[in-house]
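Colleague: Quick one: the structure is below, questions incoming.
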Amino acid sequence: MSRLRAGIIGVGNISGIYLKNLTSVFADRVELLGCADVIPDRATDAAREYQLPKTYAGPEEMLADDDIELVINLTIPNAHYSVCKAAIEAGKHVYVEKPLCIELDEANELLKAAAAKGVRVGGAPDTFLGAGIQTCRKLIEEGEIGTPVAATAFLAGHGHESWHPAPEFYYKKGGGPMFDMGPYYLTALVNLVGPVASVSGSTRITFPERTITSEPLAGTVITVDVPTHIAGTINFANGAIGTIITSFDIWAANLPRIEIYGSTGSISVPDPNTFGGPVRIRRSGDDEWTEVPLAFGHDENSRGLGVAELADAIATGRDHRASGTLTNHVLEIMHGFHLASDTGTRYALSSRGTQPALMPAEF
Ligand SMILES: NC(=O)c1ccc[n+]([C@@H]2O[C@H](COP(=O)([O-])OP(=O)(O)OC[C@H]3O[C@@H](n4cnc5c(N)ncnc54)[C@H](O)[C@@H]3O)[C@@H](O)[C@H]2O)c1
Numbered sequence: 121m122s123r124l125r126a127g128i129i130g131v132g133n134i135s136g137i138y139l140k141n142l143t144s145v146f147a148d149r150v151e152l153l154g155c156a157d158v159i160p161d162r163a164t165d166a167a168r169e170y171q172l173p174k175t176y177a178g179p180e181e182m183l184a185d186d187d188i189e190l191v192i193n194l195t196i197p198n199a200h201y202s203v204c205k206a207a208i209e210a211g212k213h214v215y216v217e218k219p220l221c222i223e224l225d226e227a228n229e230l231l232k233a234a235a236a237k238g239v240r241v242g243g244a245p246d247t248f249l250g251a252g253i254q255t256c257r258k259l260i261e262e263g264e265i266g267t268p269v270a271a272t273a274f275l276a277g278h279g280h281e282s283w284h285p286a287p288e289f290y291y292k293k294g295g296g297p298m299f300d301m302g303p304y305y306l307t308a309l310v311n312l313v314g315p316v317a318s319v320s321g322s323t324r325i326t327f328p329e330r331t332i333t334s335e336p337l338a339g340t341v342i343t344v345d346v347p348t349h350i351a352g353t354i355n356f357a358n359g360a361i362g363t364i365i366t367s368f369d370i371w372a373a374n375l376p377r378i379e380i381y382g383s384t385g386s387i388s389v390p391d392p393n394t395f396g397g398p399v400r401i402r403r404s405g406d407d408e409w410t411e412v413p414l415a416f417g418h419d420e421n422s423r424g425l426g427v428a429e430l431a432d433a434i435a436t437g438r439d440h441r442a443s444g445t446l447t448n449h450v451l452e453i454m455h456g457f458h459l460a461s462d463t464g465t466r467y468a469l470s471s472r473g474t475q476p477a478l479m480p481a482e483f
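Taken in order, the sequence shown gives residues 121 to 483; the numbers are from the numbering used here.
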């Protein structure tokens, strides 16, 4: 199979795992040619460390390179749109870290531009393609819990200023717990239950200022511009009902990550920010939960799996799973919670979304 020739734009915190996986476990499907950043030294250092064949002085030089077929956009959220747009205009496929971009009209514009250019849009998260959530999906498809009737998803934490070297963007437009962590939870829910028809939401900012405690910016005060506690209800198109909380305002909680409740049983879904397990099931009549062996590959940190799956889809002429349609649907769901809260009304989604097909076990 021919390999898709790719380049990374944005060589920050998350880029290391992509560089590692795309030059090793996924190198049979993707040929990583080089990387670029507005801070050129970052790209040069990474190219040297991972022995990439090309060096680029900056993003523009990469976009002008005819050898690059796919741009992997690992910049911060408020640069996602402009970098994706430039890549699409240069005739490249794009795969972008979450969220797809910040504004809904920007997302629609990107999808339209990509369709006009005949290139694909893919995006994170790809954790839902991993062994844990795929095993849950298989259990649901095989009728192990009957028909899904409800789901819960909880992300309870206290934010990223204690560990991230540059955490300010998490508290600015496009950040907050929903836009940061919601994509993992909502992508998993759409994959397990199906597309969403409407949502309601309530949001608040509990701490208007936060002090960074991680180096090198320890002591810097961040003004919080976006809600940091979001509670939502979800009406799935198939009638199932979801409940979600994403919060950076909670010091401790005992909530599960995700549970799916079916007409004949329940599944405990692993942390959707990971690729592995544990997956547990409890059917009506069972006295306790049973752990289910994982039935798919990729149970370790396999970031880049969505890129490899996109490359495979392009090579074989089929739809890819971590798609622009899916990330756009998730973006609209996240906006929906905030808009519903701001207006005191229920938000009906205009994007249809898709439930990606189950992964082939051998992938
Ligand atoms: N850090 C994590 O653990 C993590 C985990 C999963 C996903 N993500 C996602 O990955 C993305 C990047 O996060 P990060 O933590 O690596 O951020 P980061 O700030 O550490 O790195 C971003 C990099 O992009 C570069 N950059 C910014 N704007 C650019 C532009 N216009 N053109 C070229 N380069 C540009 C910056 O110089 C920086 O090197 C975000 O979308 C985030 O949501 C991060």
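Heads up, the beta-carbon is just placed ideally off N, CA and C, and yes, glycines get one too.
For ligand 1, is there a heavy atom less than 8 Å away from the beta-carbon of SER334?
Modeller: Within the sequence shown, residue 334 is the residue found at index 214, counting from 1. Incorrect: SER334 has no Cβ contact closer than 8 Å to ligand 1.
Colleague: Apply the 10 Å Cβ neighbour rule to VAL341 and answer buried if 16 or more other Cβ atoms are within range, or exposed otherwise.
Modeller: Start at 1 with the first residue of the sequence shown, and residue 341 comes out as number 221. Answer is exposed; the Cβ neighbour count stays below 16.
Colleague: Classify ILE315 as helix, strand or coil using the three-state DSSP reduction.
Modeller: Reading the sequence shown from its first residue, position 195 is the one you call residue 315. Rather than Ile, the amino acid found at residue 315 in this sequence is Pro. Three-state DSSP puts PRO315 in coil, outside helix and strand.
Colleague: Give a yes or no on whether the C-beta atoms belonging to ARG125 and GLU189 are separated by under 9 Å.
Modeller: As a first step, residue 125 must be located in the sequence shown, where it is residue number 5. As a first step, residue 189 must be located in the sequence shown, where it is residue number 69. It is a contact, given that the beta carbons lie within the stated cut-off.
Colleague: Please state whether DSSP places TYR215 in a helix, a strand or coil.
Modeller: Translated into the one-based positions of the sequence shown, residue 215 becomes position 95. If DSSP states are grouped into helix, strand and coil, TYR215 belongs with the strands.
Colleague: Can you round the beta-carbon distance between LEU139 and VAL427 to whole angstroms, since I take them to be within the 8 Å contact cut?
Modeller: Within the sequence shown, the letter at position 19 stands for residue 139. Within the sequence shown, the letter at position 307 stands for residue 427. Their Cβ separation, rounded to whole angstroms, is 12 Å, which puts LEU139 and VAL427 out of contact at 8 Å.
Colleague: On the premise that GLY359 lies in contact with GLN475, defined as a C-beta separation below 8 Å, what is that separation, rounded to the nearest angstrom?
Modeller: Numbered from its first residue, the sequence shown carries residue 475 at position 355. Numbered from its first residue, the sequence shown carries residue 359 at position 239. 14 Å between Cβ atoms; not a contact.
Colleague: Quick one: Cα of SER320 to Cα of ILE159, how far?
Modeller: As a working note, residue 320 is residue 200 in the sequence shown. As a working note, residue 159 is residue 39 in the sequence shown. Going by the C-alpha atoms only, they are around 41 Å apart.
Colleague: Please go through the same chain and pick out, in chain order, the residues whose beta-carbon is closer than 6 Å to the beta-carbon of TYR176, but skip the five residues on each side of it.
Modeller: Here residue 176 refers to the residue found at position 56 of the sequence shown. Within the same chain, TYR176 has close Cβ partners GLY154, ALA156 and MET182.
Colleague: Helix, strand or coil for TYR381, going by three-state DSSP, please let me know.
Modeller: On the sequence shown, residue 381 is found 261 positions in, with the first residue counted as 1. Assignment of TYR381 by DSSP, reduced to helix, strand and coil, places it in the strand class.
Colleague: State yes or no: is the C-beta of GLU209 within less than 9 Å of the C-beta of ALA233?
Modeller: One-based indexing of the sequence shown puts residue 209 at position 89. One-based indexing of the sequence shown puts residue 233 at position 113. In this structure, ALA233 lies closer than 9 Å to GLU209 by Cβ.
Colleague: Per DSSP, what kind of secondary structure is HIS349 in: helix, strand or coil?
Modeller: Against the sequence shown, residue 349 aligns to sequence position 229. Three-state result, HIS349: strand.
Colleague: Which complete alpha helix (DSSP H) runs does the segment 240–321 hold, if anything under 4 residues is left out?
Modeller: 251–261 and 296–312
Colleague: Anyone know if the C-beta pair for LEU446 and GLY473 falls short of 9 Å?
Modeller: Numbered from 1 along the sequence shown, position 326 holds the residue referred to as residue 446. Numbered from 1 along the sequence shown, position 353 holds the residue referred to as residue 473. A contact, by the Cβ cut-off of 9 Å.
Colleague: For ALA484, which residues does DSSP report across the bridge?
Modeller: Since the first and last residues shown for the chain are 121 and 483, residue 484 lies out of range.
Colleague: Check whether the Cβ atoms of ILE192 and GLY127 sit closer than 9 Å, and answer yes or no.
Modeller: Numbered from 1 along the sequence shown, position 72 holds the residue referred to as residue 192. Numbered from 1 along the sequence shown, position 7 holds the residue referred to as residue 127. Going by C-beta atoms, ILE192 is nearer than 9 Å to GLY127.
Colleague: Leaving out five residues on either side along the sequence, give the residues of the same chain with a beta carbon under 6 Å from the beta carbon of ARG240.
Modeller: To locate residue 240, count along the sequence shown from 1; it is residue 120. HIS213.
Colleague: Can you tell me whether DSSP reads TYR176 as helix, strand or coil?
Modeller: Here residue 176 refers to the residue found at position 56 when the sequence shown is read from its first residue. Three-state DSSP puts TYR176 in coil, outside helix and strand.
Colleague: Report yes if the C-beta distance between ASP165 and VAL131 is below 9 Å; otherwise report no.
Modeller: Translated into positions along the sequence shown, residue 165 becomes position 45. Translated into positions along the sequence shown, residue 131 becomes position 11. Yes, the pair counts as a contact, with Cβ atoms nearer than the cut-off.
Colleague: Provide the residue span of the beta strand (DSSP E) that contains VAL427, from first to last.
Modeller: As a working mapping, residue 427 is identified with position 307 in the sequence shown. Careful: VAL427 lies outside any beta strand (DSSP E), inside the alpha helix (DSSP H) at 425–436.
Colleague: Is it true that the CB of SER383 sits closer than 9 Å to the CB of GLY266?
Modeller: In the sequence shown, the residue the question calls residue 266 occupies position 146. In the sequence shown, the residue the question calls residue 383 occupies position 263. Yes, Cβ-Cβ distance for GLY266 and SER383 is below 9 Å.
Colleague: Relative to the C-alpha of ASN133, which residue among VAL310, LEU194, THR394 and ALA433 is closest?
Modeller: Taking the first residue of the sequence shown as position 1, residue 133 is located at position 13. For the residues VAL310, LEU194, THR394 and ALA433, the minimum Cα distance to ASN133 belongs to LEU194.
Colleague: Is it a yes or a no for the segment 323–331 touching the segment 250–266, going by three-plus beta-carbon pairs under 8 Å?
Modeller: no
Colleague: Could you give the first and the last residue of the continuous beta strand (DSSP E) run that contains SER404?
Modeller: Position 284 of the sequence shown holds residue 404. Per DSSP, SER404 belongs to no beta strand (DSSP E) and is neither H nor E.
Colleague: May I have the straight-line CA-CA distance separating VAL389 from GLU452, to the nearest angstrom?
Modeller: The count along the sequence shown starts at 1 and reaches residue 389 at position 269. The count along the sequence shown starts at 1 and reaches residue 452 at position 332. One C-alpha to the other measures close to 23 Å.
Colleague: Considering only residues of the same chain and omitting the five flanking positions on each side of GLY338, which have a CB-CB separation below 7 Å?
Modeller: Position 218 of the sequence shown, counted from the start, is the residue given in the question as residue 338. As written in the sequence, residue 338 is Ala, which differs from the Gly given in the question. The residues are ILE332.
Colleague: Is PRO392 near ligand 1, in the sense that its beta carbon is under 8 Å from a heavy atom of that ligand?
Modeller: The residue you call residue 392 lines up with position 272 of the sequence shown. No, ligand 1 has no heavy atom inside 8 Å of this Cβ.
Colleague: Beta carbon of GLU411, beta carbon of ARG400: below 9 Å?
Modeller: Here residue 411 corresponds to residue number 291 of the sequence shown, with the count starting at 1. Here residue 400 corresponds to residue number 280 of the sequence shown, with the count starting at 1. Closer than 9 Å, so yes.
Colleague: Using only the heavy atoms of ligand 1, determine whether one of them is closer than 8 Å to the beta carbon of THR195.
Modeller: Start at 1 with the first residue of the sequence shown, and residue 195 comes out as number 75. Relative to the non-hydrogen atoms of ligand 1, the Cβ of THR195 comes within a distance shorter than 8 Å of at least one.
Colleague: State the start and end residues of the unbroken alpha helix (DSSP H) segment that holds ILE453.
Modeller: Along the sequence shown, read from residue 1 onward, the residue named residue 453 stands at position 333. Run containing ILE453: 444–463, per the alpha helix (DSSP H) assignment.
Colleague: Going along the chain, which residues of its own chain have a beta-carbon closer than 7 Å to the beta-carbon of VAL344, five neighbours each way excluded?
Modeller: As a working mapping, residue 344 is identified with position 224 in the sequence shown. Closer than 7 Å at Cβ, skipping near neighbours: TYR291, ILE325, PHE327, PRO328, GLU329 and ARG330.
Colleague: For ligand 1, is there a heavy atom less than 8 Å away from the beta-carbon of SER282?
Modeller: The sequence position of residue 282 within the sequence shown is 162, counting from 1. No, the Cβ of SER282 stays beyond 8 Å of every heavy atom of ligand 1.
Colleague: With DSSP collapsed to three states, give me the class of TYR170.
Modeller: Your numbering for residue 170 matches position 50 in the sequence shown. In this structure, TYR170 counts as coil in the three-state DSSP scheme.
Colleague: Return yes when the C-beta of GLY211 is under 8 Å from any heavy atom of ligand 1, and no when it is not.
Modeller: The sequence position of residue 211 within the sequence shown is 91, counting from 1. No, ligand 1 has no heavy atom inside 8 Å of this Cβ.
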